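**Q** Questions regarding the structure given below will be posed in turn.
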Amino acid sequence: MNVLYAVSEAVPFVKTGGLADVAGSLPKALRAQGTDARVILPLYSAIGEKWRLKMNFCFYTFINLAWRRQYCGVFKLEYGGVVWYFIDNEYYFKRDSIYGCYDDGERFAFFSKAVIDILPMLDWKPDIINCNDWQTALIPLYVRDDSTGYYNNIKTVFTIHNIEYQGRFGKDILGDVFGLSDELYNSGILRYENDVNLMKGAIYKSDYITTVSPSYANELRDSFFACGLHEVIEDNSYKLTGILNGLDIERYDPSTDIYLSENFSPEEPDGKAACKADLCRELGLEESDTPIIACISRLVGHKGFDLISDALDRIVSRGIRFIILGTGEDKYESFFREAENRYKGRVSANIMYSEKRASMIYAGADMMLMPSKSEPCGLTQMIAMRYGSVPIVRAVGGLKDSVRPYPSDTATGFTFLGYSAEDMERTVNYAIDIWYDREKWHELMLRDMVEDLSWSRSAKEYLKIYDSLI
Ligand code: GLC
85 MNVLYAVSEA
95 VPFVKTGGLA
105 DVAGSLPKAL
115 RAQGTDARVI
125 LPLYSAIGEK
135 WRLKMNFCFY
145 TFINLAWRRQ
155 YCGVFKLEYG
165 GVVWYFIDNE
175 YYFKRDSIYG
185 CYDDGERFAF
195 FSKAVIDILP
205 MLDWKPDIIN
215 CNDWQTALIP
225 LYVRDDSTGY
235 YNNIKTVFTI
245 HNIEYQGRFG
255 KDILGDVFGL
265 SDELYNSGIL
275 RYENDVNLMK
285 GAIYKSDYIT
295 TVSPSYANEL
305 RDSFFACGLH
315 EVIEDNSYKL
325 TGILNGLDIE
335 RYDPSTDIYL
345 SENFSPEEPD
355 GKAACKADLC
365 RELGLEESDT
375 PIIACISRLV
385 GHKGFDLISD
395 ALDRIVSRGI
405 RFIILGTGED
415 KYESFFREAE
425 NRYKGRVSAN
435 IMYSEKRASM
445 IYAGADMMLM
455 PSKSEPCGLT
465 QMIAMRYGSV
475 PIVRAVGGLK
485 DSVRPYPSDT
495 ATGFTFLGYS
505 AEDMERTVNY
515 AIDIWYDREK
525 WHELMLRDMV
535 EDLSWSRSAK
545 EYLKIYDSLI
């Protein structure tokens, strides 16, 4: 079976979020199961010389986008056992950032159209195109809009990584940029309120829809979680499945991580204590026999920072040390800077993103706090588990599906349900109490470190869906 994974970012080439991690891992895992999975993405200027030197130029062509005719170069690279295609057009992709341009709608429409138009020119044809989020949501619409017959037996799967970003544009874009007929708007397939909504269109027009955890798939029937698209989801729930993402266990491995002062593993976990001491020295935290609670996240409201700001003083008063790593909204950035000043040696605010510091925190912390309002899957809790930092999470979406609550013989963390500072605090306090029972905690930590988080389980579920479609 041939699968083309169409995506707007992928590790190791370009990353802004968890989507890139999935695109960097799932195709590899599909290949390991005998599928010829290939990936296609835009050749942004952010993809540097290091990679470009290794690429082969395949051909160029011109893409019709409504009345426009735009150059499109195609490059190819083999990396990690996977074939990668890159769509080149400097006008669209030589920008300072990969998203957030005034013409994002046109840029990703170009990419989507290019993916479709170049297929007959490749010496390879996919049975399935797996599209991801709004940036590639036009692909299923273009596939069904085609009249050449070439795409008749190609099936499309649309994966929702986060329904918050739907790709909404004024109605005029439909004919003027996308080159699609008003019929798609008038029939309601692309229309939401008075906008063109790409995610809605893809949900209707794809042969199948997946999302990144079973719980999120259920939550999407609710207007809060679906950001207004709950009825669209309900209408299409017959072809929707939630599959929990995996973790790239080679990349996130405390036994080989180059940023750690001492490597460790479930068989030899002692290095974790050295990492904790090292982390305290690096961040200027007191070295005391108390737990370290960490938070690695974008500092935005829906990650639950209103709860953390509300409860931080009371949590710190239990003698723990608290570390935050991430950037985001001003009010949270200043809140944590100010907390660091108030609690010298006990709170560390790292308003930045650094791979090295993230690794050191995953390894040196005892607990990882994630009180998200909504979380389609989430990666932080999985990395934390692998590094023996026990997750404390709100039981939503992928957090609920990846963390089994204490106490139980199979527990991997602590969960709470209510979105309130009290519920979170109660659970944090409970985790702190258990931490002081050294034997129990050690058992829990080891269970996290050996948990099977690999992609092979998820890849099998994707394959089952692909198989059912062809
Ligand atoms: C989005 C979601 C996140 C998920 C990631 C990969 O970023 O917000 O929860 O882990 O996509 O699917």
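Taking the working numbering, I'd label the letters of the sequence shown as residues 85 to 554. Backbone N, C-alpha and C define an ideal beta-carbon position, used for all residues, glycine too. Source: prediction; values computed, not measured.
#1: What is the DSSP secondary structure of G312, counted as helix, strand or coil?
#2: If you drop the 5 nearest sequence neighbours on each side, which residues of the same chain put their C-beta closer than 7 Å to that of L367?
#3: Please name the residue in N148, R426, W168, G132 whose C-alpha comes closest to that of N77.
#4: Going straight from the alpha carbon of K289 to that of K544, what length do you get?
#5: Taking the CB atoms as reference points, tell me whether L409 and I380 lie closer together than 7 Å.
#6: Under a Cβ-count criterion, where at least 16 other Cβ atoms within 10 Å of its own Cβ denotes burial, should H526 be classed as buried or exposed?
#7: Using only the alpha-carbon positions, how far apart do P455 and Y471 sit?
#8: Got a sec, what are the start and stop residues for the beta strand (DSSP E) G157 sits in?
#9: From the DSSP output, read off the bridge partner residues of N302.
#10: Note down the Cα distance separating D256 from A357, rounded to an integer number of angstroms.
#11: For the ligand GLC, is there any heavy atom lying closer than 6 Å to the beta carbon of Y125?
#12: Helix, strand or coil, according to DSSP, for V48 in the structure here?
#13: Using only the alpha-carbon positions, how far apart do I392 and A505 sit?
#14: For Y128, which residues in the same chain have their Cβ closer than 6 Å to its Cβ, ignoring the five residues on either side in sequence?
#15: Run the proximity test for G412: is its beta-carbon closer than 6 Å to any non-hydrogen atom belonging to the ligand GLC?
#16: Consult DSSP for V91 and reduce its assignment to one of helix, strand or coil.
#17: I238: which of Q465, D229, M452, L383 sits nearest, CA to CA?
#18: Do G285 and L225 have their beta-carbon atoms positioned less than 7 Å apart in this structure?
#19: Return the chain-ordered list of same chain residues with a C-beta closer than 7 Å to the C-beta of K524, the five sequence neighbours on each side being excluded.
#20: What residue range is occupied by the uninterrupted beta strand (DSSP E) comprising W539?
#21: In chain order, which continuous runs of the alpha helix (DSSP H) of length 4 or greater are located wholly inside the region 348-428?
#22: Tell me, please, which residues DSSP counts as bridged to G497.
#23: Quick check on this structure: which residue in T340, L396, Y300, E424 has the alpha carbon closest to the alpha carbon of L633?
#24: Kindly provide the ranges of any alpha helix (DSSP H) runs that are 4 or more residues long and lie completely inside the region 200-247, ordered along the chain.
#25: Return the Cβ separation of I516 and I445 in integer angstroms, given the expectation that the two are a contact with Cβ distance under 8 Å.
#26: If you follow the beta strand (DSSP E) that R510 is part of, which residue opens it and which one closes it?
#27: Looking only at its chain, what residues have a beta carbon closer than 8 Å to the beta carbon of R531, apart from the 5 residues adjacent to it on each side?
#28: Helix, strand or coil for L125 per DSSP?
#29: Given this structure, state the Cα-to-Cα distance separating S458 from F309, to the nearest angstrom.
**A** Let me spell this out:
#1: coil
#2: I407, S432
#3: Residue 77 lies beyond the residue range present for the chain, which begins at 85 and ends at 554; the question has no answer from this structure.
#4: 24 Å
#5: yes
#6: exposed
#7: 19 Å
#8: 152-163
#9: N302 is not bridged to any residue.
#10: 60 Å
#11: It should be noted that the sequence gives Leu, not Tyr, for residue 125. No.
#12: There is simply no residue 48 to check, as the chain begins at 85 and stops at 554 in what is shown.
#13: 7 Å
#14: V98, F177, I182
#15: no
#16: coil
#17: D229
#18: yes
#19: I518
#20: Run containing W539: none; DSSP gives neither H nor E here.
#21: 355-367, 389-400, 414-426
#22: P489
#23: The first residue shown for the chain is 85 and the last is 554, placing residue 633 beyond what the model contains.
#24: 222-229
#25: That belief does not hold up - the Cβ atoms of I516 and I445 are roughly 18 Å apart, past 8 Å.
#26: No beta strand (DSSP E) contains R510, which is instead part of the alpha helix (DSSP H) from 505-520.
#27: T494, A495, T496
#28: strand
#29: 7 Å
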